[in-house]
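Residue numbering for the sequence shown follows this note's numbering, starting at 317 and increasing by one per position. Glycine included, C-beta positions come from ideal geometry on N, C-alpha and C.
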Amino acid sequence: MSDTPRTRKIARIQNGIVIDHIRKGRALTIARLLKLGELSQSWDDQVSIGINHSSKIGIKDYIKIENFELSRIQLSCVALVSPGATINIIRDTKVVEKLSAEVPDEIGDFVTCPDPYCITNHEKIPCRFHVVAREPLTLGCHYCELEFYDKLIVFKL
Ligand SMILES: [Zn+2]
317 MSDTPRTRKI ARIQNGIVID HIRKGRALTI ARLLKLGELS QSWDDQVSIG
367 INHSSKIGIK DYIKIENFEL SRIQLSCVAL VSPGATINII RDTKVVEKLS
417 AEVPDEIGDF VTCPDPYCIT NHEKIPCRFH VVAREPLTLG CHYCELEFYD
467 KLIVFKL
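Okay, structure coming up:
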């Protein structure tokens with residue numbers, strides 16, 4: 317791979333993950349959901365976040381995190397914020413696994429129902445949602461049947 321003026325090389329990481337092809341402007345939301353701000357206080361490991369980075373596929377964001385693994389819920393969160401993002405798992409500077417952040421059909425108890433009257437906002441019932449549409453991503457509440465999308469998708473994490 318050669319560097320061109322429009323594609324700057326980012327420091328390689330030894331072990332960890334690279335979340336790539338994040339939709340433009342969404343990296344900070346993912347960083348917040350992964351609590352990278354809190355983690356970095358107690359870490360010596362490198363975190364790099366690229367925003368509006370030019371690449372062959374156009375403008376994108378990315379996040380590189382040393383010595384980090386994504387849980388299944390965190391992977392679902394990445395998928396909800398930026399469907400189609402790629403997660404590269406790095407060992408000894410090599411990509412050993414590539415995962416695609418696919419939006420699951422069912423969303424568990426890590427998103428809140430925006431309807432204030434929904435039973436999940438009054439009783440200790442785990443939230444459940446199904447995907448109504450993928451573009452734009454629209455969720456339906458299992459209990460009150462409200463359908464919502466975009467900024468109304470609020471994470472509990
Ligand atoms: Zn609801």
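Residue i, enclosing alpha helix (DSSP H) - first and last residue
i	result
residue 346	343-349
residue 388	388-397
Residue i burial status per 10 Å Cβ neighbour count (16 or more: buried)
i	result
residue 324	In this prediction, residue 324 scores a pLDDT of 47, lower than 50, which makes its location untrustworthy; no coordinate-derived value is stated.
residue 317	The predicted model places residue 317 with a pLDDT of 48, which falls under 50 and marks its position as unreliable, so this point remains unresolved.
residue 390	buried
residue 417	buried
residue 369	buried
residue 409	exposed
residue 433	exposed
residue 473	exposed
residue 380	buried
residue 449	exposed
residue 334	buried
residue 378	buried
residue 463	exposed
Distance cut-off 8 Å: residue i Cβ against heavy atoms of ligand 1
i	result
residue 425	no
residue 459	yes
residue 469	no
residue 436	yes
residue 462	yes
residue 429	yes
residue 393	no
Where the beta strand (DSSP E) through residue i begins and ends
i	result
residue 363	363-371
residue 447	445-450
residue 332	332-338
residue 376	374-382
residue 463	463-465
residue 403	402-407
residue 439	Taken as a continuous stretch (DSSP letters only), residue 439 belongs to no beta strand (DSSP E), as it is neither H nor E.
residue 456	453-457
residue 415	410-416
Inter-residue CB distance, residue i and residue j (contact presumed, cutoff 8 Å)
i	j	result
residue 470	residue 427	7 Å
residue 341	residue 367	7 Å
residue 406	residue 338	Rounded, the Cβ-Cβ distance is 16 Å, inconsistent with contact.
residue 455	residue 423	6 Å
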